[in-house]
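Chemist: Residue numbers (our numbering): 1137 to 1844. Structure incoming, see below.
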């Protein structure tokens, strides 16, 4: 399902006429500053101050009410007391105004009474066909058209400049902080939107309206609540289609998540983990702070992000090279090993005491050998291992041809299509490179981190496009019949997994001791015997799992113990599973939970009884591929063990990936009937030898929990 931007919200981003209800002569009041900005920044459309007590406001003709206006404005700014807001929205509806920017406070941000007032306001607006931005909104600014319907003081202090960036935020401060940081770097910003309480028009809807502008190449978002993720997914698709990108700062990282009664998955996969998976699924880079939100924007504008791997560092300081290598290593960014022909070429260019290896140290001889900079860049750019570059300029002054260095660096990026970041602590040096169109940073750490983000975001975007194709060709999966009980027994759970083509341990459900003995003879000599009841999802906690059953006497004693302990719990003894003892290299846990906002969530983790304690897991949103699972497993702490150490063969992660994909397909096909699935352990052998589910619990949606 796709979501089109609301034309009313698109009009408010580029209005032809604006009314300001509560307009005032005082530029330092909420009702006065937007009027001042509209005139100061050259808005060419009609501006209508609404103030029944004045004939003019800030030199413009004033009107007593919206009903008196000579035309229907595209947007109305509402800057009146909270008690008057509902009346103004009524006037907007009567006049046919599509969108109101409600700057007034005293609504959902103030407590229960304000929340009720906000609910009533939204209901009224929807009846009237009026979209609300806010309440408690700082407003909207369009610096291409001068339509600055915003009361932030930031634009008084930091002069605007149009550019290919949109900032859309639920917070006023979090909208103007990145604006100021980008303007300090010389980056222009077209839209700054602060949506306030998001009572009606959400931050995602406003981002979608901004992303519809074909000249926007980067959308920066600050999100507090993600109420409509499908719209944010559309923002990502819209930008990806033209090589643009979305960077989001999502606040509220919390350990408190939904916990399903019978599910380990629900206990460890919290809401913020799912947000991470959602953003990755749709190719949105998640920033950790405001600095991270803006740090790589210059790189994005110089070149759309794409997958890349290896880094080349060049500087005339050995220290800078070492610091860059250290930072790159900490980020997992490989330093390129230069090809022998490149090393030979560099040796002919550089003095004998310079370093013709990566990181490349030109030494202070750069000051006296001006041509060395360009020749070295050309040699490095031609190296097949060189995907991206960090050029460190720790010091420059008389004797350094900084404008020439900047022009040569810009040519490298243009001619070879490879990203280049420059680090320089001197403002004059940064200005020269910036004038040449080269992304430049105050210190090398920011430059390396920006390159790391650029290439990582490129990988996210590429995988997101592939997942969109997967979604269009989703595979069929077996259906689970509805039932009254919330939980399926282990036998029924394993049976459904087998139908879904997920390998399961050889086992038999036994309802008498004679059947258990026959199963031991068939599956032995060593088997596992465990009670089977839909009312006891976690059998080991009740002493109902017997692992070393290797003769008839132990079958009899295990059977008797299960019967006795289940009966003591006040539950009927319904039988036991006798399963082959499966040995493997590694235990994994696979799980699913259905998220009401994000859909089918699949978890893969290190297995065993310490799943919740160790929390070494990855989360994916359906649909995803086996390659996605394998790439995600590479981020686990146990990844080096999976790859094989000390002569061991690699673990069969392909078997884990295949099972995870099929588990996601099963759960997604039964989204209305399966609440959660836990498979723990999924035992895996050496690479190429497969694996199987040994235990499983499936929870139905809406069923009744009983017993333990």
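In this text, a Cβ means the ideal position worked out from N, Cα and C, and glycines have one as well. Small disclaimer: the values here were computed from a predicted structure and weren't measured.
Output the residue ranges of the alpha helix (DSSP H) runs that lie fully inside the region 1414-1473 and measure 4 residues or longer, sorted by chain position.
Modeler: The region 1414-1473 contains these whole alpha helix (DSSP H) runs: 1426-1430, 1433-1438, 1454-1467.
Chemist: Is the Cβ-Cβ distance between residue 1577 and residue 1545 less than 8 Å?
Modeler: Here residue 1577 refers to the residue found at position 441 when the chain shown is read from its first residue. Here residue 1545 refers to the residue found at position 409 when the chain shown is read from its first residue. Result no, Cβ atoms of residue 1577 and residue 1545 do not sit closer than 8 Å.
Chemist: Going by the CB atoms, is the gap between residue 1183 and residue 1214 shorter than 8 Å?
Modeler: Taking the chain shown and counting its residues from 1, one reaches residue 1214 at position 78. Taking the chain shown and counting its residues from 1, one reaches residue 1183 at position 47. Taking 8 Å as the Cβ cut-off, residue 1214 and residue 1183 do not qualify as a contacting pair.
Chemist: Touch check for the region 1268-1283 and the region 1318-1328: three-plus C-beta pairs under 8 Å?
Modeler: Yes, they touch.
Chemist: Is it right to say residue 1824 is buried, meaning 16 or more other beta carbons lie within 10 angstroms of its own, or is it exposed?
Modeler: Here residue 1824 corresponds to residue number 688 of the chain shown, with the count starting at 1. When all chains shown are included, residue 1824 counts as exposed.
Chemist: For residue 1241 and residue 1411, I'd like the C-alpha separation in whole angstroms.
Modeler: Translated into positions along the chain shown, residue 1241 becomes position 105. Translated into positions along the chain shown, residue 1411 becomes position 275. If you take the alpha carbons of residue 1241 and residue 1411, they lie about 29 Å apart.
Chemist: Cα-Cα, which of 1682, 1690, 1478 is closest to residue 1653?
Modeler: Here residue 1653 refers to the residue found at position 517 of the chain shown. If we check each option's Cα against that of residue 1653, 1690 comes out closest.
Chemist: Helix, strand or coil for residue 1405, going by three-state DSSP, please let me know.
Modeler: Position 269 of the chain shown holds residue 1405. Because residue 1405 carries a pLDDT of 49, less than 50, the predicted location of this residue cannot be relied on, and the following value inherits that uncertainty. If DSSP states are grouped into helix, strand and coil, residue 1405 belongs with coil.
Chemist: In its own chain, which residues sit with a C-beta less than 6 Å from the C-beta of residue 1190, not counting the 5 before and 5 after it?
Modeler: As a first step, residue 1190 is located in the chain shown; it is residue number 54 there, counting from the start. Excluding residues within five positions, the ones whose Cβ falls inside 6 Å are 1198.
Chemist: Using only alpha-carbon positions, find the residue among 1173, 1804, 1720 that is nearest to residue 1293.
Modeler: As a working mapping, residue 1293 is identified with position 157 in the chain shown. Of the candidates 1173, 1804, 1720, the one whose C-alpha sits nearest the C-alpha of residue 1293 is 1173.
Chemist: Scan the region 1692-1762 and note each continuous beta strand (DSSP E) run of 3 residues or more that stays entirely inside, going in chain order.
Modeler: Listed in chain order, they are 1712-1716, 1722-1731, 1735-1742, 1753-1757.
Chemist: What are the boundary residues of the alpha helix (DSSP H) that includes residue 1847?
Modeler: A question about residue 1847 goes unanswered here, because the residues of the chain that appear run from 1137 up to 1844.
Chemist: Do residue 1614 and residue 1600 have their C-beta atoms closer together than 8 Å?
Modeler: Against the chain shown, residue 1614 aligns to sequence position 478. Against the chain shown, residue 1600 aligns to sequence position 464. Not in contact: residue 1614 and residue 1600 (Cβ atoms no closer than 8 Å).
Chemist: Whose C-alpha, out of 1683, 1494, 1586, is nearest the C-alpha of residue 1428?
Modeler: The residue labelled residue 1428 in the question sits at position 292 within the chain shown. Per the Cα distances, 1586.
Chemist: Could you tell me which whole alpha helix (DSSP H) segments of length 4 or greater appear in the region 1290-1357?
Modeler: Whole alpha helix (DSSP H) segments, 4+ residues: 1290-1293, 1309-1320, 1339-1347.
Chemist: Taking contact to mean 3 or more Cβ pairs, one atom from each stretch, closer than 8 Å, check whether the region 1712-1728 and the region 1809-1824 are in contact.
Modeler: Judged by Cβ distances under 8 Å, the region 1712-1728 makes contact with the region 1809-1824, as three or more pairs qualify.
Chemist: Taking the Cβ atom as the reference point for each residue, do residue 1812 and residue 1835 lie within a distance shorter than 8 Å?
Modeler: The residue given as residue 1812 occupies position 676 in the chain shown. The residue given as residue 1835 occupies position 699 in the chain shown. Yes, Cβ-Cβ distance for residue 1812 and residue 1835 is below 8 Å.
Chemist: Which class does residue 1638 belong to by DSSP, given the choice of helix, strand or coil?
Modeler: Residue 1638 sits at position 502 when you count from the first residue of the chain shown. Looking at residue 1638 - three-state DSSP - the assignment turns out to be coil, as it is neither helix nor strand.
Chemist: Can you tell me whether residue 1386 is buried or exposed, with buried defined as 16 or more other CB within 10 angstroms of its CB?
Modeler: Stepping through the chain shown from its first residue, residue 1386 is reached at position 250. Residue 1386 should be labelled buried.
Chemist: Since residue 1342 contacts residue 1304 with CB under 8 Å, what's their CB separation in whole angstroms?
Modeler: Position 206 of the chain shown holds residue 1342. Position 168 of the chain shown holds residue 1304. Sure, about 5 Å apart at Cβ, within 8 Å.
Chemist: When you compare the CB positions of residue 1757 and residue 1417, do they come within less than 8 Å of one another, or not?
Modeler: Mapped onto the chain shown, residue 1757 falls at position 621. Mapped onto the chain shown, residue 1417 falls at position 281. Yes, the pair counts as a contact, with Cβ atoms nearer than the cut-off.
Chemist: CB-CB under 8 Å to residue 1475, same chain, minus the five flanking residues each way: which ones, in chain order?
Modeler: Residue mapping note: residue 1475 aligns to position 339 of the chain shown, counting from 1. Result list for residue 1475: 1519, 1520, 1521, in chain order.
Chemist: Contact between the region 1592-1599 and the region 1790-1810: three or more CB pairs below 8 Å?
Modeler: No, the region 1592-1599 is not in contact with the region 1790-1810.
Chemist: Consult DSSP for residue 1817 and reduce its assignment to one of helix, strand or coil.
Modeler: Reading the chain shown from its first residue, position 681 is the one you call residue 1817. In this structure, residue 1817 counts as strand in the three-state DSSP scheme.
Chemist: Going along the chain, which unbroken runs of the beta strand (DSSP E) with 3 or more residues stay wholly within the region 1755-1808?
Modeler: Segments of the beta strand (DSSP E) lying fully in the region 1755-1808: there are none.
Chemist: Check this for me: beta carbons of residue 1807 and residue 1639, under 8 Å apart or not?
Modeler: The residue given as residue 1807 occupies position 671 in the chain shown. The residue given as residue 1639 occupies position 503 in the chain shown. Cβ atoms of residue 1807 and residue 1639: not closer than 8 Å.
Chemist: How long is the line joining the alpha carbons of residue 1816 and residue 1686, rounded to whole angstroms?
Modeler: Here residue 1816 is taken as the residue at index 680 of the chain shown, counted from 1. Here residue 1686 is taken as the residue at index 550 of the chain shown, counted from 1. For residue 1816 and residue 1686, the distance between alpha carbons rounds to 23 Å.
Chemist: Are three or more beta carbon pairs between the region 1430-1448 and the region 1549-1565 nearer than 8 Å?
Modeler: With the cut-off at 8 Å, the region 1430-1448 and the region 1549-1565 touch.
Chemist: So the beta strand (DSSP E) residue 1235 belongs to, where does it begin and stop?
Modeler: Within the chain shown, residue 1235 is the residue found at index 99, counting from 1. Start and end: 1235-1238.
Chemist: Just checking my contact of residue 1711 with residue 1668 at CB under 8 Å: how many whole Å lie between their CB atoms?
Modeler: By one-based count along the chain shown, residue 1711 stands at place 575. By one-based count along the chain shown, residue 1668 stands at place 532. That belief holds up - the Cβ atoms of residue 1711 and residue 1668 are roughly 5 Å apart, short of 8 Å.
Chemist: Helix, strand or coil: how does DSSP classify residue 1676 here?
Modeler: Here residue 1676 is taken as the residue at index 540 of the chain shown, counted from 1. Residue 1676 falls in the helix class under three-state DSSP.
Chemist: Consult DSSP for residue 1270 and reduce its assignment to one of helix, strand or coil.
Modeler: Within the chain shown, the letter at position 134 stands for residue 1270. In this structure, residue 1270 counts as coil in the three-state DSSP scheme.
Chemist: Where does residue 1592 fall in DSSP's three states?
Modeler: Residue mapping note: residue 1592 aligns to position 456 of the chain shown, counting from 1. Note: residue 1592 maps to helix in three-state DSSP.
Chemist: Of the residues 1440, 1225, 1528, 1451, which one's Cα is nearest the Cα of residue 1202?
Modeler: As a first step, residue 1202 is located in the chain shown; it is residue number 66 there, counting from the start. Answer by Cα proximity: 1225.
Chemist: Smallest Cα separation from residue 1473: which of 1440, 1524, 1424?
Modeler: The count along the chain shown starts at 1 and reaches residue 1473 at position 337. Closest by alpha carbon: 1524.
Chemist: For residue 1497, which three-state DSSP category applies?
Modeler: In the chain shown, the residue the question calls residue 1497 occupies position 361. Residue 1497 falls in the strand class under three-state DSSP.
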